Amino acid sequence: MIDLQVRDDSGDVVAHASGFEWTQELIDLEPAEFPMLAGLCAYLDTIFNQRQIPLLLAELDRLPATLIPDPARREIRRLAAVVEQGQHLYLWFCGD
């Protein structure tokens, strides 16, 4: 399971959401086509800053619908908006 959090630059969680299950299809993403999403790992935390959020969302738009369920996509977008509207905030994909 990958959980989602928005943290400030001191590491405090300011927003969070349930994430999504890690699948082989996500592991197999082509890094050249999905460089942001291909960097996710089930066992590590992956962090996106405000400048990376538009790239992440563009990849999410192109990602086949079956790879990340709609409820998780909505949560990613919601938390991405929190990052974009704030200052010194980061979107964390938290692995196990």
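Numbering of the sequence shown is given in full-length UniProt numbering, commencing with residue 1 and proceeding in unit increments. The C-beta atom is built at its ideal place from N, Cα and C for all residues, glycine as well. Note that the coordinates shown come from a computational prediction; the quantities given were computed from them, not determined experimentally.
For residue i, which beta-bridge partners are listed by DSSP?
i: Tyr90; result: Arg7
Taking the alpha-carbon positions, what's the residue i to residue j distance?
i: Ser10; j: Ile27; result: 30 Å
i: Pro35; j: Leu55; result: 9 Å
i: Trp22; j: Leu67; result: 9 Å
Could you pull out every residue in the same chain whose Cβ sits closer than 8 Å to the Cβ of residue i, ignoring the five residues on either side in sequence?
i: Val14; result: Val6, Arg7, Asp8, Val82, Gly86 and Leu89
So residue i is in the beta strand (DSSP E); what residue range does that whole segment cover?
i: Ala81; result: Unbroken run through Ala81 is the alpha helix (DSSP H), Asp70 to Gln85; no beta strand (DSSP E).
i: Ala15; result: Val13 to Phe20
i: Phe34; result: Segment: none, Phe34 is in no beta strand (DSSP E) and carries neither H nor E.
Excluding the 5 residues preceding and the 5 following residue i in the sequence, name in chain order all residues of the same chain whose CB lies nearer than 7 Å to its CB.
i: Ile2; result: Gly19, Phe20, Trp22, Leu40, Ala42, Phe93, Cys94 and Gly95
i: Ala72; result: Gly19 and Phe20
Could you name the residues of the same chain whose beta carbon sits closer than 6 Å to that of residue i, not counting the 5 residues immediately before and after it, in chain order?
i: Asp70; result: none
Validate contact between the stretch 21–37 and the stretch 75–89 using beta carbons, cut 8 Å, 3 pairs: For the pair of segments examined, the stretch 21–37 was found not to touch the stretch 75–89: the number of CB pairs separated by less than 8 Å stays below three.
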